[in-house]
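Numbering (our numbering), first residue to last: 10 to 361.
Heads up, the thing below is written out as C-alpha cells.
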Amino acid sequence: MSSNAAGVAVELSDLTRVYGTVKALDGLTLRMEPGELVALLGPSGCGKTTALRILAGLDEATSGTVSVGGQDVSKVPANKRDMGMVFQAYSLFPHLTVLDNIAFGLKMRGKAKGERTSRAADMLDLVGLSAHKHKYASELSGGQQQRVALARALAIQPRVLLLDEPLSALDAKVRAQLRDEIRRVQLEIGTTTLFVTHDQEEALAVADRVGVMSQGKLEQLAAPADLYANPATPFVAEFVGLNNKVSAQVSGGRAHVLGVSVPALDGSITDGDGLAMVRPECVTVAADPAGVSTISSVAFLGPISRVYVTLQDGVVISAQMGSSAARAFAPGAAVTVGVEPSGVLVVERSTA
Numbered sequence: 010m011s012s013n014a015a016g017v018a019v020e021l022s023d024l025t026r027v028y029g030t031v032k033a034l035d036g037l038t039l040r041m042e043p044g045e046l047v048a049l050l051g052p053s054g055c056g057k058t059t060a061l062r063i064l065a066g067l068d069e070a071t072s073g074t075v076s077v078g079g080q081d082v083s084k085v086p087a088n089k090r091d092m093g094m095v096f097q098a099y100s101l102f103p104h105l106t107v108l109d110n111i112a113f114g115l116k117m118r119g120k121a122k123g124e125r126t127s128r129a130a131d132m133l134d135l136v137g138l139s140a141h142k143h144k145y146a147s148e149l150s151g152g153q154q155q156r157v158a159l160a161r162a163l164a165i166q167p168r169v170l171l172l173d174e175p176l177s178a179l180d181a182k183v184r185a186q187l188r189d190e191i192r193r194v195q196l197e198i199g200t201t202t203l204f205v206t207h208d209q210e211e212a213l214a215v216a217d218r219v220g221v222m223s224q225g226k227l228e229q230l231a232a233p234a235d236l237y238a239n240p241a242t243p244f245v246a247e248f249v250g251l252n253n254k255v256s257a258q259v260s261g262g263r264a265h266v267l268g269v270s271v272p273a274l275d276g277s278i279t280d281g282d283g284l285a286m287v288r289p290e291c292v293t294v295a296a297d298p299a300g301v302s303t304i305s306s307v308a309f310l311g312p313i314s315r316v317y318v319t320l321q322d323g324v325v326i327s328a329q330m331g332s333s334a335a336r337a338f339a340p341g342a343a344v345t346v347g348v349e350p351s352g353v354l355v356v357e358r359s360t361a
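Below, the structure written as C-alpha cells:
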C-alpha cells in the first residue's frame, strides 16, 4: 500500500523541561532518521513521555528545539504538526462505528466522504479488522480497540507516528501479538515513529534503535542487539536484561572474572577491583566433581531454563541455557563456572 507519508527526519535538540524544581528533561538530543522506529525506554519519571509530548506539541520545552523534515516546529501548535498519536487509553468515540472512528481525522481535515471511507477501509484492512467495520468500540476487545486506534492515527497519513505506552493496558499474549503487528504496519507504511515504553522486551522487539533514559537524560541510543551486548553505562546494563554481579579484576583492558579473562567493555573501570555485569546466557556451567561451585536450583521456563549456582564465596548467580542442556544439572551437583569470551562491563562496587 503506497502512502504519501514517506518518513521524515525528526530532531530533538538540547531539550530541557522544568516543572518547578523538577527537571523532567535535561538536555535531550535525539535524531530519528526518515522511516525509523525509535523506542524510548526507561522507568517511570525518566522523561520519555515528556519528550513525546513536546514532539507532539502537547507540551512546550523550557529550552531547546524540535524540527521535523528540517523545519523548526517548536512554536507550531499540536493540531498543525500533522502527527498521529496512539495512547495507552484507546480513546475511541463510543457513539461512532469502527469505520467512522478511523475516518474521523479525515473528516476534520475536510476530506470528501468517498475518500474518507476508502482510506478508512484501507487502514482497517492493514490492521486486519475489516470484518468489524460496523461495530462499536464496546463490542471490541482491548487489543482490537488498540488496532482501531492505530488505524485511526495512520489514516491521516501523519508525518510522524507517536505511540505512548500503547500496549500496557493489554494482557501479555495480546501485547506480544499487537507489538509485532505495530512493527509490521510501521515497516509497510514507512512512517517515522517514536514509541515510548517502560517494557524492555517491547522496545528491543520493535525498534530500529532504542534510547534508554534516566532522570531526563539519554543514557544510550543504539540498535537493540548492540544495546544489549554493549551497555554504555551501569544504568543501561542494569535496566536492560538480567545481570549477575560478579567480582572482577580489571587490568590492561581485560576483566578477570570467574577464572576467565575477557575484554572489559567501554565504560568499564580501567583498573582494579570491581563488579562485572554478566548476562545469564553468558555464564557457562560444566559438570566437574572437583568443582568449587554448586548447583542450588534449576527453573524450567519452557525452551530455556535458568540454572542457579552458588559460588565458592556464597554468591548465587544464574546461568541461562536450553532446557535440554539444563537437565544435566541437579541441585547439589559440583560444577565449574566461567564466562563467554564476548566481554563484560565492570563497574565500581559503589555504583552496582
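For each residue, glycine too, the CB sits at the ideal point set by N, CA and C.
For residue i, the three-state DSSP class (helix, strand or coil)
i      : result
Met10  : Residue confidence is low: Met10 scores 36 on pLDDT, short of 50, so the model does not pin down where it sits. No coordinate-derived value is stated.
Leu366 : Here the chain has residues from 10 to 361 only, and residue 366 is not among them.
Lys226 : strand
Arg263 : strand
Ala87  : helix
Ala63  : Reading off the sequence shown, one finds Ile at residue 63, where the question assumed Ala. Helix.
Ala343 : strand
Thr38  : strand
Ala285 : strand
Val183 : helix
Val221 : strand
Gly56  : coil
Segment limits, alpha helix (DSSP H) that includes residue i
i      : result
Val215 : Gln209 to Val215
Tyr237 : Pro233 to Ala238
Gly114 : Val107 to Met117
Ala296 : Careful: Ala296 lies outside any alpha helix (DSSP H), inside the beta strand (DSSP E) at Val292 to Ala296.
Ala158 : Gly151 to Ala164
Pro272 : Run containing Pro272: none in the alpha helix (DSSP H); it sits in the beta strand (DSSP E), Val269 to Pro272.
Environment of residue i [buried if 16+ CB atoms lie within 10 Å]
i      : result
Asn88  : exposed
Phe102 : exposed
Ala181 : exposed
Glu148 : exposed
Tyr28  : exposed
Phe338 : buried
Val266 : buried
Val95  : buried
Thr310 : With the sequence shown as reference, residue 310 is identified as Leu, and Thr is not the correct amino acid for it. Answer is exposed; the Cβ neighbour count stays below 16.
Where the beta strand (DSSP E) through residue i begins and ends
i      : result
Phe204 : Thr201 to Thr206
Ile278 : No beta strand (DSSP E) holds Ile278; DSSP gives it neither H nor E.
Ile326 : Val325 to Gly331
Ala18  : Where Ala18 is concerned, there is no enclosing beta strand (DSSP E), given that its DSSP letter is neither H nor E.
Lys46  : Checking the sequence shown, residue 46 turns out to be Leu, not Lys. Segment Leu46 to Leu50, the beta strand (DSSP E) holding Leu46.
Leu171 : Val169 to Asp173
Val353 : Segment: none, Val353 is in no beta strand (DSSP E) and carries neither H nor E.
DSSP beta-bridge partners of residue i
i      : result
Tyr28  : Val31
Ile313 : Leu310 and Gly331
Asn252 : According to DSSP, which records beta bridges pairwise, Asn252 is partnered with nothing at all.
Leu81  : Inspection of the sequence shows that residue 81 is occupied by Asp rather than by Leu. The partner list for Asp81 (beta bridge, DSSP) reads Ser76.
Ala257 : Val266 and Gly283
Ile191 : Its beta-bridge partners do not exist; DSSP assigns none.
Thr303 : Thr319 and Ala343
Query raised in the report: Do the stretch 166-174 and the stretch 141-149 meet, that is, are 3 or more Cβ pairs less than 8 Å apart?
Result: no
Query raised in the report: Pairing CB atoms from the stretch 78-92 with CB atoms from the stretch 216-225, are three or more of them under 8 Å?
Result: no
Query raised in the report: Do the stretch 301-310 and the stretch 284-292 meet, that is, are 3 or more Cβ pairs less than 8 Å apart?
Result: no
Report task. Decide if the stretch 200-219 is in contact with the stretch 312-320; the criterion is three or more beta carbon pairs, one per stretch, under 8 Å apart. Result -> no
**Report entry** Cβ pair count under 8 Å reaching 3, the stretch 53-71 against the stretch 231-246
**Finding:** no
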